[in-house]
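Visitor: Chains as they are written, first to last, in this note's numbering: chain L, 1038 to 1369; chain C, 1038 to 1369.
Have a look at the structure that comes next, please.
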């Protein structure tokens, strides 16, 4: 006998049907990104790897999946008021793309030190960018609240929304279709949307699979939140993984991560740089630092080797040329 | 009424059936590489682009297609004598992979200044590398002739062989299946195998399509050969496009290029660097300089803009970290 669901987390938790609906909608809208392999990388890692190259996704990251799925499910009048989000860049690019496709105006609040290519990309898609005086992610959320109040925009959360999570889940669901033998998923996490999506995708596919989340050592928000038992905000120094700096995990996502008892590990900045280098040179795809934390965790032995195939979710490729050059020429 | 065919070129010219046979064989052996698009790149180029990402191919270049196709068609006793080739690197990697898969020993002669990752890659696949005293491609062919004499190896030409050309053609045939609306192909060329393969693939697909070959300004061997009416060797300074330094076009390939009246253009070193940068940042794939000459030709206006979609064959991604860093940080 099930009790009535009362908590917001349980009410809003997306279901497998939501993921399948998102997948149907997104089929012709996004790229079915390849799952890449490299013997050289397997040797380096000491285990068989498959890398889902969401860096080759439209807008250069998986974020477009959730943004499109959320935007299509909004009532037309909500879209007509204009869409608003907060982002280090990839969620902004995703929402700008969704606005471009669905004919909705988009405004994004990004920190002043966002990767310039991410800012330019949003503008190229017709999005308005607000950066003045925004020094960090927490400040960006405050500014967005003001803008919403002033202009009546419809806020699309960059990660803490069941429609966004269901969209993100399609990346993992696709991967599990492409590579049925995957036994472990290693997922970058910060707001927790991709990680919650992975949990949901495994459920949707009816697969029991080990899932590990990875954060930078410098921004262990989900680790601390799990210790505290609730989403917890951290002050943190800058990390090269600019996409993994959400002030705290999403409430929905945190609930899903905690319920599924997911292991979260953290990695050093040096390992992230080295992992970018190895991915670029072995797989020939360009990843941003945030996307390389999974390989970094394996290289740094923060997670063990496995017998079966391990999948890395290469979440995005929007890296500045200077950081790319720095990573590939770092002593390895 | 057809006259009897007497020239070697005409006798050995591969036919559509050879391409289809290669495609059948290679289907489970190589990656069906994606055809990538980017709105940012289209804007830069002033035309619609599709990029066939053979940099994501096994061994990091299209060369594995021809090497595998040639090696499988050799008599078993020829394979058993051990395979030999000459290469700046990608043909060597391709043949080493073919030897690895088909159980044949492989020896490759490479110039002393070959990209270290290419040399290491051949060794990792179990190939023996000969570099001592080999200062250029012409010297590499001489050394290979000596080795063949001494050891009885079976020589697999890196580009001038109908089986190699039929294998290379499968990259273009795949592209034409993936992107039926392509109206123009822009193809890096040096030995001419990929270009001859493109001509053959268009014929196989029954498509009338504009095909343009691109060489570095510094190594215009096919341009000079067409002027001379026969394959002509050139002294040339070093180019950043290390894969486009065959001493002269293959005889078979030259005949096919001349018969098809293909336009060949050349591009500057600076444009090649800039094109690497743009491909890396917009398409998120890692290309070596040789693979970027097609976009360089468009950026430098060595070929005109077109109304229909233009396909770039991104031939490979085996670039040294230092050259990659240099290209992406070059003023653009």
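By construction, the Cβ of each residue, glycine as well, lies at the ideal position given by its N, Cα and C atoms.
Quick caveat: nothing in here was measured; it's all calculated off a predicted structure.
Am I right that residue 1192 of chain L and residue 1139 of chain L are in contact with their C-beta atoms under 8 Å? What's the rounded C-beta distance?
Guide: Counting from 1 along the first chain, the entry for residue 1192 of chain L is found at position 155. Counting from 1 along the first chain, the entry for residue 1139 of chain L is found at position 102. Not confirmed; about 16 Å, so no contact.
Visitor: Going along chain L in order, which residues have a C-beta closer than 9 Å to the C-beta of residue 1359 of chain C?
Guide: By 1-based counting over the second chain, the position of residue 1359 of chain C is 322. Ordered by position in chain L, the residues that pass the 9 Å Cβ test against residue 1359 of chain C are 1365 and 1366.
Visitor: Looking at the strands, I want to know which residues DSSP matches up with residue 1250 of chain L.
Guide: As a first step, residue 1250 of chain L is located in the first chain; it is residue number 213 there, counting from the start. BP columns for residue 1250 of chain L point to L:1224 and L:1301.
Visitor: Sort C:1332, C:1190, C:1304 and C:1146 by Cα distance to residue 1172 of chain C and report the nearest one.
Guide: Along the second chain, read from residue 1 onward, the residue named residue 1172 of chain C stands at position 135. The candidate whose alpha carbon is nearest that of residue 1172 of chain C is C:1146.
Visitor: On the criterion of 16 or more Cβ atoms from any shown chain inside 10 Å, does residue 1052 of chain L qualify as buried, or is it exposed?
Guide: Numbered from its first residue, the first chain carries residue 1052 of chain L at position 15. Per the 10 Å Cβ criterion, exposed.
Visitor: By the three-class DSSP mapping on this structure, what secondary structure does residue 1172 of chain L have?
Guide: Within the first chain, numbered from 1, the residue matching residue 1172 of chain L stands at position 135. In this structure, residue 1172 of chain L counts as coil in the three-state DSSP scheme.
Visitor: Between residue 1230 of chain L and residue 1135 of chain C, what straight-line distance do the alpha-carbon atoms span, to the nearest angstrom?
Guide: In the first chain, residue 1230 of chain L corresponds to position 193, counting from 1. In the second chain, residue 1135 of chain C corresponds to position 98, counting from 1. If you take the alpha carbons of residue 1230 of chain L and residue 1135 of chain C, they lie about 42 Å apart.
Visitor: I need the boundaries of the alpha helix (DSSP H) containing residue 1129 of chain C, first residue and last residue.
Guide: What you label residue 1129 of chain C is simply residue 92 of the second chain in a count that begins at 1. Looking at the DSSP string, the run of the alpha helix (DSSP H) that includes residue 1129 of chain C is 1127-1139.
Visitor: For the stretch 1046-1080 of chain L, enumerate the residues whose C-beta is nearer than 7 Å to any C-beta of chain D, in chain order.
Guide: Absent from the structure: chain D. Protein chains present are L and C.
Visitor: Using 9 Å as the threshold, is the C-beta distance between residue 1152 of chain C and residue 1126 of chain C below it?
Guide: The residue you call residue 1152 of chain C lines up with position 115 of the second chain. The residue you call residue 1126 of chain C lines up with position 89 of the second chain. Yes, these two residues count as a Cβ contact at 9 Å.
Visitor: Can you pull the chain C neighbours of residue 1318 of chain L, defined as C-beta to C-beta under 8 Å?
Guide: Looking up residue 1318 of chain L in the first chain gives position 281. Going along chain C in sequence order, the residues near residue 1318 of chain L (Cβ under 8 Å) are 1154, 1323 and 1358.
Visitor: If contacts are defined as beta-carbon pairs under 8 Å, then residue 1302 of chain C and residue 1259 of chain C qualify, I think. What distance do you get, rounded to the angstrom?
Guide: The residue you call residue 1302 of chain C lines up with position 265 of the second chain. The residue you call residue 1259 of chain C lines up with position 222 of the second chain. Actually they do not touch by this definition, with Cβ atoms about 10 Å apart.
Visitor: For the stretch 1080-1101 of chain C, list every residue whose C-beta sits within 7 Å of some C-beta in chain L, in sequence order.
Guide: Against chain L - using a Cβ distance shorter than 7 Å - the residues of the stretch 1080-1101 of chain C are 1092, 1093 and 1097.
Visitor: Tell me the DSSP secondary structure of residue 1353 of chain C in three-state form.
Guide: The count along the second chain starts at 1 and reaches residue 1353 of chain C at position 316. Looking at residue 1353 of chain C - three-state DSSP - the assignment turns out to be strand.
Visitor: Just the C-alpha distance for residue 1238 of chain L and residue 1244 of chain L, rounded to the nearest angstrom, thanks.
Guide: Counting from 1 along the first chain, the entry for residue 1238 of chain L is found at position 201. Counting from 1 along the first chain, the entry for residue 1244 of chain L is found at position 207. Cα to Cα, residue 1238 of chain L sits roughly 9 Å from residue 1244 of chain L.
Visitor: With DSSP collapsed to three states, give me the class of residue 1146 of chain L.
Guide: Locating residue 1146 of chain L in the first chain gives position 109, counting from the first residue. Residue state, collapsed to three classes: strand.
Visitor: The beta strand (DSSP E) that contains residue 1165 of chain L, what's its start and end?
Guide: As a first step, residue 1165 of chain L is located in the first chain; it is residue number 128 there, counting from the start. Its beta strand (DSSP E) spans residues 1165-1167.
Visitor: Along the chain, where does the alpha helix (DSSP H) that runs through residue 1155 of chain L open and close?
Guide: Position 118 of the first chain, counting from 1, holds the residue named residue 1155 of chain L. Start and end: 1153-1161.
Visitor: Is the separation between the beta-carbon of residue 1100 of chain C and that of residue 1205 of chain C shorter than 9 Å?
Guide: Within the second chain, numbered from 1, the residue matching residue 1100 of chain C stands at position 63. Within the second chain, numbered from 1, the residue matching residue 1205 of chain C stands at position 168. Going by C-beta atoms, residue 1100 of chain C is nearer than 9 Å to residue 1205 of chain C.
Visitor: Where does residue 1206 of chain L sit, in a helix, a strand or coil, going by DSSP?
Guide: Within the first chain, residue 1206 of chain L is the residue found at index 169, counting from 1. In this structure, residue 1206 of chain L counts as helix in the three-state DSSP scheme.
Visitor: Is it buried or exposed for residue 1342 of chain L, if we count other Cβ within 10 angstroms and need 16 for buried?
Guide: Along the first chain, read from residue 1 onward, the residue named residue 1342 of chain L stands at position 305. Exposed, by the Cβ-count rule.
Visitor: Report the partner residues of residue 1361 of chain L according to the DSSP bridge assignment.
Guide: In the first chain, counting from the first residue as 1, residue 1361 of chain L sits at position 324. The partner list for residue 1361 of chain L (beta bridge, DSSP) is empty, contrary to what the question assumes.
Visitor: If distances are taken between C-alpha atoms only, which option among C:1249, C:1353, C:1064 and C:1299 comes closest to residue 1322 of chain L?
Guide: Translated into positions along the first chain, residue 1322 of chain L becomes position 285. Of C:1249, C:1353, C:1064 and C:1299, the residue nearest in Cα terms is C:1353.
Visitor: Run through chain C and tell me which residues come within less than 8 Å of residue 986 of chain L, C-beta to C-beta.
Guide: Residue coverage of chain L in this structure runs from 1038 to 1369, which leaves residue 986 of chain L outside it and unanswerable.
Visitor: Just to confirm my understanding: we take residue 1062 of chain L, look at its own chain, exclude 5 residues before and 5 after, and list those with CB closer than 7 Å. What are they?
Guide: In the first chain, the residue the question calls residue 1062 of chain L occupies position 25. Excluding positions up to five away in sequence, the list reads 1106 and 1109.
Visitor: Which residues, in order along the stretch 1325-1355 of chain L, keep a beta-carbon less than 7 Å from a beta-carbon of chain C?
Guide: Against chain C - using a Cβ distance shorter than 7 Å - the residues of the stretch 1325-1355 of chain L are 1354.
Visitor: By alpha-carbon positions, which one of L:1348, L:1296 and L:1280 ends up nearest to residue 1326 of chain L?
Guide: As a first step, residue 1326 of chain L must be located in the first chain, where it is residue number 289. For the residues L:1348, L:1296 and L:1280, the minimum Cα distance to residue 1326 of chain L belongs to L:1280.
Visitor: Please go through the same chain and pick out, in chain order, the residues whose beta-carbon is closer than 6 Å to the beta-carbon of residue 1049 of chain C, but skip the five residues on each side of it.
Guide: Taking the first residue of the second chain as position 1, residue 1049 of chain C is located at position 12. So the list reads 1199 and 1289, once near-sequence residues are dropped.
Visitor: Rank C:1363, C:1207 and C:1324 by C-alpha distance to the C-alpha of residue 1065 of chain C and give the top, closest one.
Guide: Numbered from its first residue, the second chain carries residue 1065 of chain C at position 28. Checked all of C:1363, C:1207 and C:1324; the closest Cα to residue 1065 of chain C is C:1207.
Visitor: Would you mind telling me which residues of chain C sit closer than 9 Å to residue 1314 of chain L, beta carbon to beta carbon, in chain order?
Guide: For this step, residue 1314 of chain L is matched to residue 277 along the first chain. Correct list: 1358.
Visitor: Determine, using beta carbons only, whether residue 1067 of chain C and residue 1095 of chain C come nearer to each other than 9 Å.
Guide: For this step, residue 1067 of chain C is matched to residue 30 along the second chain. For this step, residue 1095 of chain C is matched to residue 58 along the second chain. Their beta carbons are under 9 Å apart, which means residue 1067 of chain C touches residue 1095 of chain C by this criterion.
Visitor: Check each candidate in L:1286, L:1142 and L:1082 and name the one with the smallest Cα separation from residue 1188 of chain L.
Guide: The residue you call residue 1188 of chain L lines up with position 151 of the first chain. Here the closest residue by C-alpha is L:1142.
Visitor: Taking the continuous alpha helix (DSSP H) assigned at residue 1330 of chain C, which residues delimit it?
Guide: In the second chain, counting from the first residue as 1, residue 1330 of chain C sits at position 293. Where residue 1330 of chain C is concerned, the enclosing alpha helix (DSSP H) stretches over 1330-1336.
Visitor: Under 9 Å between C-beta atoms, does residue 1161 of chain C make it to chain L?
Guide: In the second chain, residue 1161 of chain C corresponds to position 124, counting from 1. It does; some Cβ of chain L falls within 9 Å.
Visitor: Going along chain L, which residues have a C-beta under 7 Å from residue 1297 of chain C?
Guide: Working through the second chain from its first residue, we reach residue 1297 of chain C at position 260. Simply none; closest approach about 30 Å.
Visitor: What three-state label does DSSP hand residue 1192 of chain C in the structure shown?
Guide: Locating residue 1192 of chain C in the second chain gives position 155, counting from the first residue. In this structure, residue 1192 of chain C counts as strand in the three-state DSSP scheme.
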